[in-house]
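**Q**
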Amino acid sequence: MFRIFLYRLVVLWLLAGGTALGAPAQTLQLETSRIGSPLGRHLAYLEDPQGKLALADVIARHDSFRPSEQEVPNFSFTRSVYWFHLRLENHNAPQSRWLLEAQYPLLDKVRFYALRDGAVLSSSEAGRLLPFSQRPMRHRNLVYPLELPAGQALDLYWRVDTESSLQLPLVLWTPERLALKDRDEQFAFGLYYGVLAAMLLFNALVYLSMRDISYLHYVQYIGGFILIQMCLNGLAHEYLWLDRPRWVQAAMPFSLLVSWAGAANFARSFLNLPKHLPLMDRFTWWYARIASVLAFVSLFAPYTVMIKLTTVNGFVMSITMAVIGVICTMRGVAQARYFLLAWAIFLGGVAVYPLKTIGLLPTVFLTEYSMQIGSALEALLLSFALAHRMKVLEQQNRRIQAEATSQLEQRVQQRTRELDEALRNLSEANNELQKLNVLDGLTGVKNRKYFDEQLALQLKVAERSRLPLSLLLIDIDHFKAVNDRHGHLAGDACLRAVAGAIAESLFRPGDEVARYGGEEFAVLLPQTDAAGAGRLGERIRAAVEQLAAVHECTPVPLTASIGVAVVAEPGETGERLIAAADAALYEAKHHGRNQVRMAAALTPKAAS
């Protein structure tokens, strides 16, 4: 008990007198001119490598504190715990209520102490790994309310333990000025996230409509980037995670890797890398898959490991996207210039912010929100590029369709010409076939089938027109003897010669000669009476008689007997006409051959 009492006594002595010993931190006089300015150069810090020091231990080691030489003390990624000390004095400022804002939402755990004359007035512990409800004020950043009337002083201590980059950008505000600053920020954030959300929703709907994978990758990239910015701005902890801080650490590397994977896949499909840059296409393909695997791993792996891997991934991806954009632009890829411009604006916005932070650029609206402005302009440009790409693809499709239609029309015309030619050839072949079908294969004149059809047709014509129709039956005399004496080849030659002589004797278009059978021929003479038929028969007989058929240098004399029959009255049949002509032919044969005989006039069928 005595040892515990002694320990408490030492702590109280240190709390009461530690500040009087003079810590190396510069005392900050509260003035309205300092409102909104970084307080880093008024801080002193102490490294606690083991993380075991308590407030009393820290106060006891006041000589170990070192003054900060930076506007924003930044110790990057470290395993050490850092203590910060700031002494505030209000000599004559009328304002008694003040607010201190730590403008870095990614700090895991921050323990805060406010001391007056060595006594702890207030303390709190908050951070992104602790429930949001534990914060001294509901704000996306850590904001500490202070009561410091004129003539008083406060000693402030912060114990910072984080796996993220350890930095403490402290800014002093009055409640009114912080409210104005928050109002401007809310407007800027609303505009920024509104633009990104509109781009995300629009392109998601376009993807659902067109099923173009580029839009899905764009949505993945923008969605991941929105979550990244919400984590960086502290809005994710305020509105999404609330009192579920276990997701806070995983969200940052997860959203970064998801966004980078989406950017890689977007570049592949948007710039058609398989066609234009096959090597870079394979690289981005593997990068996207590695980033996707790491995104899943980040949900379980230590934050310090994953955030370093993610940082390396982001650096590699930024360089890769810039190189791809430059090469594709140089090779004339239409949409590459939009891609390169968008990426250059984004990288420019990212570069401006640290230049503002280290003081090389003034802190104005454009530099303060350069990352948001750059990323919003990038999202707009990429969305415009997607729309332009859609227009180009539609124009290409229309051109391809027009070319395809023209080629199709040409092919149709060619096929039509080929079809017309084929039909013409088919018609000619069909006509030729029809000719062959009605021709006698030996003599070349019409055959018996054609004769029968024409006889029936001409009888109907004669009946309607009441004009005469004559028929000649012609038989070669002694044809069997010719075959027996000279052979069948000689007989065939005689048949061809006689057929030719008969055909040459016909002058009118309607007159037809046909081989009737064996050595017999038939001649149809429309609109020809008995006298005309007799004269033609005599001409044919004389032409046959004058034939000089020769077989193996031996003359073959030829004569023909001809029977003539005439239809003078309507209603006559082909059988009666043929029978009459055949009877006249028989009579010519019977009376010595080589002559023309006229059949007796046909009597009406009713009188027969």
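Each residue of the sequence shown is one higher than the one before, counting from 1 in UniProt numbering. The beta carbon of each residue, even a glycine, is placed where N, CA and C say it ideally should be.
Should V566 and A600 be called a contact, given that it needs their Cβ atoms to be closer than 8 Å?
**A** Not a contact, by the Cβ cut-off of 8 Å.
**Q** Any idea if N447 is buried or exposed, counting beta-carbon neighbours within 10 angstroms, 16 or more meaning buried?
**A** buried
**Q** Per DSSP, D475 is paired with what?
**A** E520, S561
**Q** Could you tell me the boundaries of the alpha helix (DSSP H) in which N233 lies?
**A** 213 to 233
**Q** I need the straight-line Cα distance from S203 to A188, nearest angstrom please.
**A** The displayed chain sequence assigns Asn, not Ser, to residue 203. Their backbone Cα atoms lie some 23 Å apart in a straight line.
**Q** Per DSSP, which residues does L469 bridge with? Please list them.
**A** P526, V567
**Q** Any idea which residues DSSP pairs A114 with across the strands?
**A** A114 pairs with S122, L156.
**Q** Pick out whichever of V297, F346, F300 has its Cα sitting closest to the Cα of M321.
**A** Distance check between M321 and each of V297, F346, F300 places F346 closest, using alpha-carbon atoms only.
**Q** Between the alpha carbons of G592 and E421, how many angstroms are there, rounded?
**A** Using only the alpha carbons, I get a separation of about 57 Å.
**Q** Suppose you measure from the CA of M252 to the CA of I307; what does that come to, to the nearest Å?
**A** Cα-Cα distance, rounded: 8 Å.
**Q** Measure the C-alpha to C-alpha separation of A342 and L382 and round it to an integer number of angstroms.
**A** Distance from the CA of A342 to the CA of L382, rounded to the nearest whole angstrom, comes to 6 Å.
**Q** If you reduce the DSSP assignment to three classes, tell me which class Y144 lands in.
**A** If DSSP states are grouped into helix, strand and coil, Y144 belongs with the strands.
**Q** Per DSSP, what kind of secondary structure is L294 in: helix, strand or coil?
**A** In the three-state reduction of the DSSP assignment, L294 falls in the helix class.
**Q** Taking the C-alpha atoms as reference points, what is the distance between S406 and N431?
**A** CA-CA distance, S406 to N431, rounds to 36 Å.
**Q** What whole-angstrom Cβ distance do I562 and A588 have, given they're in contact under 8 Å?
**A** Confirmed, about 6 Å.
**Q** When you compare only the Cα positions, how much space is there between A579 and L471?
**A** 10 Å
**Q** When the Cβ atoms of the segment 309 to 329 are set against those of the segment 110 to 121, are three or more pairs found closer than 8 Å?
**A** As far as the Cβ criterion goes, the segment 309 to 329 does not touch the segment 110 to 121, which means the pair count is below three.
**Q** The beta strand (DSSP E) with E47 in it runs from where to where?
**A** Element bounds for E47: 44 to 48.
**Q** Measure the alpha-carbon distance for F270 versus E238 and round it to whole angstroms.
**A** A straight line joining the alpha-carbon of F270 with that of E238 spans about 35 Å.
**Q** When you compare each of T559, E403, R466, A267 to P570 by their alpha carbons, which one comes out closest?
**A** R466
**Q** Could you give the C-beta distance for L473 and E520, rounded to a whole number, given that I count them as a contact under 8 Å?
**A** 6 Å
**Q** When you compare each of R331, D440, G325, M330 to A344 by their alpha carbons, which one comes out closest?
**A** G325
**Q** For E512, list the residues DSSP reports as bridge partners.
**A** L524
**Q** If V81 and D48 are in contact, beta carbons under 8 Å, what's the gap, nearest whole angstrom?
**A** That pair is a contact at about 4 Å.
**Q** How many whole angstroms separate the CB atoms of Y287 and A264, which I take to be in contact at a CB cut-off of 8 Å?
**A** 5 Å
**Q** Take S68 and list the residues in its own chain whose beta-carbon comes closer than 7 Å to its own, dropping the five residues that flank it on each side.
**A** G40, R41, L43, A44, Y45
**Q** Taking 8 Å as the cut-off, decide whether the C-beta atoms of A497 and L547 are in contact.
**A** When the beta-carbon positions are compared, A497 and L547 come within less than 8 Å of each other.
**Q** In the DSSP assignment, find the unbroken beta strand (DSSP E) run with F315 in it and report its ends.
**A** Looking at the DSSP string, F315 is not in any beta strand (DSSP E); the run it does join, the alpha helix (DSSP H), is 303 to 330.
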